Every structure is written in structure tokens, then in C-alpha cells.
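Student: Pasting a structure below so you can have a look.
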């Protein structure tokens with residue numbers, strides 16, 4: 157006791173700090189026992205959620221990652237490797253029929269931890285049934301049950317169920333509007349199944365058995381027997397089709413397809429918000445001579461000409477929403493990435509290009 | 730020098746576990762900020778809202794950035810008419826969001842492209858326009 161009294165204030169702090177550390181680490185272990193999985197995971201991913209995933213997999217004899225060594229029960233790691241993938245495949249095979257209320261004949265386990273797998277994982281960690289499990293990930297209380305949901309929680313739950321369990325395919329964009337027979341085309345959207353998607357070109361031609369690895373991208377090859385002409389393009393699978401999304405004929409089959417616009421660079425890459433009239437040069441290919449539209453996070457700019465089909469010149473003051481942010485006294489020494497896309501009649505650049513706006 | 734080292738050690742030993750604890754607990758994070766720009770997400774039928782400044786937890790200092798607000802999903806609290814049906818620029822918002830969950834596509838089908846954002850606002854209250 158006398159020794160303790162002799163210690164200076166700071167020495168006491170240094171002495172007892174490890175106890176603080178132990179206490180908080182321990183309480184975190186207790187309170188943090190319920191883990192929610194908020195991101196998709198695949199081979200190569202690292203993180204504490206991977207470790208939590210491995211613990212869940214190892215808790216079920218049928219999905220044990222490894223009997224000995226790294227990844228085995230008690231030796232879980234934070235790395236998603238091949239062994240984890242194999243165990244996830246076993247997990248999906250074991251549980252997916254339970255998650256989906258529909259037939260799963262055409263769905264195979266992939267080893268990719270996507271929304272549906274996370275839904276089941278969250279259900280297992282929270283103890284809430286699968287259809288309500290996502291509620292637990294949106295609630296501030298970790299032991300929410302469906303019977304105790306508040307109105308806002310119910311809304312959140314419905315939203316996430318729509319987001320993750322949306323069955324009907326929809327597509328957001330296509331890599332090109334003009335293609336020749338035999339050409340590969342990408343469709344980005346949602347609601348695609350791992351297998352069994354059909355891409356319809358008009359009403360007479362299909363590319364079937366199209367595979368989607370993560371439910372958001374489809375790659376298909378234009379059938380070689382398609383006649384030249386303009387068609388509607390839509391996706392169907394056993395859950396429905398995307399006809400409602402866009403019904404017009406926009407997909408052209410031709411021997412000489414135009415490439416969609418593509419942005420190579422933006423110069424300057426960084427611009428101060430004070431340089432209102434400084435020229436910003438967008439370099440790329442496939443731009444229209446007269447009529448290009450820029451879609452951006454500061455609004456759209458229409459009817460832009462392009463000299464030579466590879467240059468578009470704009471200024472900060474051209475962005476319709478720029479005036480609302482040109483004077484913000486509280487924002488100093490921060491930057492904001494303005495994403496820019498170019499659209500022409502032949503399609504659009506679907507990979508975002510960034511202009512960094514410095515405040 | 731020893732005191733500084735001891736102080737840093739103490740702070741780290743307390744706050745690092747707390748930070749991890751907070752991370753493990755809830756995906757709903759607090760945010761606050763002034764609405765500056767509101768862009769309609771014409772393909773996903775919601776709003777991309779640019780805030781400056783934006784104070785999104787767990788960031789310790791202010792940023793500028795965007796969140797997504799969806800009518801029927803985002804729960805408006807104080808002065809809801811400044812949040813929905815359309816968020817009003819120059820109002821301040823305080824609420825909670827889910828990081829990484831915001832989906833906003835602009836354009837016209839079949840050309841819909843995503844606008845990046847921090848996440849989806851699940852509930853928010855607003856101030857009167859021009860008043861923090």
C-alpha cells in the first residue's frame with residue numbers, strides 16, 4: 157500500500173493502462189458477440205468480418221473450414237482464402253434453400269458471400285429468422301425481434317428486403333448500344349441470378365444460360381443469327397423480366413457498330429472552386445460532333461460539341477449546381493470528387509471519371 | 730517526454746477498444762451537415778444529397794460529401810417537410826445513416842449511371858432553411 161502511495165500520478169496511469177485495455181477488450185468481446193455482415197466477401201478479402209464468418213462456419217460440423225492449422229476451430233484468421241470459399245460453398249448448399257422461398261433448382265453455391273448469404277449469416281448471429289434478419293443489421297439494438305419492431309425499423313427492414321431480395325431483374329445500363337453478331341456485351345443491373353438468365357434481343361432472339369457472378373453484371377454474346385436492325389433488349393429469369401424498365405428499341409445490330417463514348421482523361425484532374433472559368437478538357441473517344449451530354453454529380457450539361465470526336469471542353473460554371481457550392485466558408489482544405497459520364501446517341505461512358513474539386 | 734508517452738498510451742488503450750466496440754455494435758452511424766445540392770436519382774427514384782460541411786461518424790473531422798435519401802424509406806423527424814418529398818438546400822440535417830447502402834442512379838434508361846455516396850439516410854431531422 158505504501159508503495160502505491162509513493163507512485164506518482166503518471167506512473168499509476170501507466171501501471172493501470174493495461175488493465176483498461178484488458179477491460180475494454182473483454183467487454184467488446186462480450187457485447188460484440190453479435191456481428192453483422194455488411195459487405196460482400198470473396199477470396200482475397202481480409203477483415204474481422206472474415207474471422208467472424210470463419211467462426212460461424214466452424215461452428216457447424218458440416219461447414220468446418222479445416223480440421224487443423226489456420227482456419228480450423230480456434231485458429232480462425234481474418235483472411236478469406238480458398239478453404240474459406242469451399243466452406244462457404246458448403247454453407248450455401250446447406251442453407252440457401254431455407255433462405256429462398258422459391259425453387260432453387262437453377263441456383264448453385266458460388267462461394268461468394270453476397271447479400272443472400274449475408275442475410276442468412278446475420279440471421280444466425282442475431283437469432284432472428286432469415287426474413288427478419290436484416291432488421292438486426294439496421295437497428296441500433298442488437299437483439300431486435302420482429303415483434304418489437306418500431307415503424308421506422310419496419311420501413312428499414314422492408315427497404316432492405318427489397319434491396320437484397322429483389323427477384324425481378326432490372327438493368328441500369330449496357331456497355332454498348334450497337335453491336336455486331338458474335339460480339340460480347342455487358343449488362344449492369346440487379347436481380348440477376350447466378351445462372352439461368354436469358355437476354356432477349358427483341359422477341360425473336362435470345363442468349364440463354366447467361367451467368368452472373370455477383371448478381372449485378374451479365375456478359376452475353378450476341379447470337380450470330382440475329383438480323384440487322386433495332387431491337388429492345390431485356391433480361392428474364394425465373395423471377396420475372398426487365399421489360400417494364402425500358403421498352404424502347406435502342407439496341408442496334410449492325411456490321412459496323414459505333415463504339416460508345418469513353419473518357420480517357422480529364423485535364424486538370426484537380427481544380428480549385430475559385431477557377432470558375434478555367435477550361436476543363438475531357439479527352440476520350442466516340443464523342444458526338446454536336447450533341448454530347450455530361451451527367452455529373454453537379455448536374456447535367458447538354459448539347460456539348462466535340463472537336464474531332466475526342467475532346468470536350470467545359471468550365472466549372474457550366475455545371476448547373478456549381479453555384480450552390482462555390483461559396484462555403486466552413487469547407488476549407490477539403491476536396492470533393494465530381495464524377496463525370498458522357499452520353500451520346502451511341503451509348504454512354506459507364507465507367508465514372510473523376511474531377512477533384514478543391515475547396 | 731515520459732508524460733506524453735504515458736498520455737498517448739492511455740488514450741490509445743481506452744479509445745481504440747471503444748472504437749472497435751462501436752464498430753461491432755451498429756451499422757447505423759450518426760451524421761450532420763448542411764444540404765447544399767440535391768440531385769434527383771432519375772433511375773432509382775430517390776435523392777442524392779450533397780452536404781458541406783458533412784460530419785459523418787466515425788470520421789473525427791468534417792468533410793464534404795453525399796448521402797442518399799429515399800422517400801418512403803428515410804424516416805423524417807423534426808421539420809419533415811424540409812426533408813421529404815424533396816430535401817431543401819441550406820437546411821441542416823442531423824440523423825443516422827447506413828454506410829455503403831446508398832444507391833443512386835442518374836440518367837435515362839437504358840443509360841443509368843451511379844453517383845457515389847457515403848450511405849443511405851435512415852432517419853433525419855432538419856432545421857429551417859438558412860438556420861443551423
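Residue numbers (the working numbering), protein chains in the order written: chain A, 157 to 515; chain B, 730 to 861.
Here a beta-carbon is modelled for each residue, glycine too, at the ideal position from N, C-alpha and C.
Small disclaimer: the values here were computed from a predicted structure and weren't measured.
Would you list, in chain order, the members of the stretch 370–383 of chain A that have their beta-carbon closer than 7 Å to a beta-carbon of chain B?
Tutor: none
Student: Going along chain D in order, which residues have a C-beta closer than 7 Å to the C-beta of residue 841 of chain B?
Tutor: Looking at the structure shown, chain D is missing, and the protein chains on hand are A and B.
Student: Tell me the DSSP secondary structure of residue 247 of chain A in three-state form.
Tutor: helix
Student: Measuring only between beta-carbons, confirm whether residue 467 of chain A sits less than 8 Å from chain B.
Tutor: no
Student: Note down the Cα distance separating residue 386 of chain A from residue 359 of chain A, rounded to an integer number of angstroms.
Tutor: 12 Å
Student: Using 7 Å as the cut-off, classify the Cβ of residue 206 of chain A as near or not near the heavy atoms of the ligand PLP, replying yes or no.
Tutor: The model on display carries no ligand, and the ligand PLP is accordingly not part of it.
Student: Going along the chain, which unbroken runs of the beta strand (DSSP E) with 3 or more residues stay wholly within the stretch 808–843 of chain B?
Tutor: 821–828, 834–837, 840–843
Student: Contact defined as beta carbons within less than 8 Å: I believe residue 333 of chain A pairs with residue 412 of chain A. What is the distance between those atoms, to the nearest angstrom?
Tutor: Residue 333 of chain A to residue 412 of chain A, Cβ: 13 Å. No contact.
Student: Give the list of continuous beta strand (DSSP E) stretches no shorter than 3 residues that lie fully inside the stretch 407–491 of chain A.
Tutor: Counting only runs of 3 or more residues that sit fully inside the stretch 407–491 of chain A, the beta strand (DSSP E) segments are 407–409, 418–423, 426–428, 435–441, 448–452, 457–460, 467–471, in chain order.
Student: Hey, how far is the Cα of residue 239 of chain A from the Cα of residue 457 of chain A?
Tutor: 50 Å
Student: CB residue 766 of chain B to CB residue 477 of chain A, shorter than 8 Å?
Tutor: yes
Student: From A/453, A/402, A/273, pick the residue whose C-alpha is nearest to that of residue 834 of chain B; which is it?
Tutor: A/453
Student: What are the start and end residues of the alpha helix (DSSP H) that includes residue 207 of chain A?
Tutor: 204–215
Student: According to DSSP, which residues form a beta bridge with residue 373 of chain A?
Tutor: A/344
Student: By how many angstroms is the C-alpha of residue 206 of chain A removed from the C-alpha of residue 501 of chain A?
Tutor: Residue 501 of chain A and residue 206 of chain A: Cα-Cα distance of roughly 44 Å.
Student: If we ignore side chains and look at the alpha-carbon of each, how far apart do residue 404 of chain A and residue 388 of chain A end up?
Tutor: Computed Cα separation, rounded: 6 Å.
Student: Mind checking which residues open and close the beta strand (DSSP E) that includes residue 332 of chain A?
Tutor: For residue 332 of chain A, there is no enclosing beta strand (DSSP E), as DSSP marks it with neither H nor E.
Student: What did DSSP end up calling residue 238 of chain A once you bin it into helix, strand or coil?
Tutor: Here residue 238 of chain A sits in helix by DSSP.
Student: For a contact defined as C-beta to C-beta under 8 Å, what are the partners of residue 789 of chain B on chain A?
Tutor: Using a Cβ-Cβ cut-off of 8 Å, residue 789 of chain B is close to nothing in chain A; its nearest Cβ partner there is about 14 Å away.
Student: For residue 797 of chain B versus residue 846 of chain B, is the C-beta spacing smaller than 8 Å?
Tutor: yes
Student: Starting from residue 404 of chain A, follow its DSSP beta bridges and name the residues at the other end.
Tutor: Its beta-bridge partners do not exist; DSSP assigns none.
Student: Between residue 789 of chain B and residue 782 of chain B, what straight-line distance do the alpha-carbon atoms span, to the nearest angstrom?
Tutor: Cα-Cα distance, rounded: 13 Å.
Student: Assign residue 204 of chain A to buried or exposed, taking buried as 16 or more other Cβ atoms, counted over all protein chains shown, within 10 Å of its Cβ.
Tutor: exposed
Student: For residue 349 of chain A and residue 363 of chain A, what's the separation of their Cα atoms in angstroms?
Tutor: 15 Å
Student: Could you check whether the Cβ of residue 859 of chain B sits closer than 8 Å to any Cβ belonging to chain A?
Tutor: no
Student: Would you decide whether residue 400 of chain A is buried or exposed? Buried here means 16 or more other CB atoms lie within 10 Å of its CB.
Tutor: Counting the other CB atoms within 10 Å of its CB gives residue 400 of chain A a total below 16, which places it among the exposed residues.
Student: Thinking C-alpha only, which one of B/770, B/858, B/764, B/851 is nearest residue 829 of chain B?
Tutor: B/851
Student: Can you name the start and end residues of the beta strand (DSSP E) that residue 364 of chain A belongs to?
Tutor: Counting along the chain, the unbroken beta strand (DSSP E) around residue 364 of chain A starts and ends at 361–366.
Student: Using CA coordinates, which residue listed in B/831, B/822, B/794, B/804 is at the minimum distance from residue 517 of chain A?
Tutor: Chain A is shown only over 157 to 515; residue 517 of chain A falls outside these bounds and no answer can be derived.
Student: Could you have a look at residue 788 of chain B and say whether DSSP puts it in helix, strand or coil?
Tutor: coil
Student: Would you verify that the beta carbon of residue 227 of chain A is, or is not, closer than 8 Å to some beta carbon of chain B?
Tutor: no
Student: Would you say residue 813 of chain B faces chain A, with C-beta separation under 8 Å as the test?
Tutor: no
Student: For residue 504 of chain A and residue 445 of chain A, what's the separation of their Cα atoms in angstroms?
Tutor: 15 Å
Student: Just to confirm my understanding: we take residue 747 of chain B, look at its own chain, exclude 5 residues before and 5 after, and list those with CB closer than 7 Å. What are they?
Tutor: In this predicted model, residue 747 of chain B has a pLDDT of only 46, less than 50, meaning its place in the structure is not dependable; the value taken from the coordinates is given anyway. Closer than 7 Å at Cβ, skipping near neighbours: no residue.
Student: What would DSSP say about residue 279 of chain A, mapped onto helix, strand or coil?
Tutor: helix
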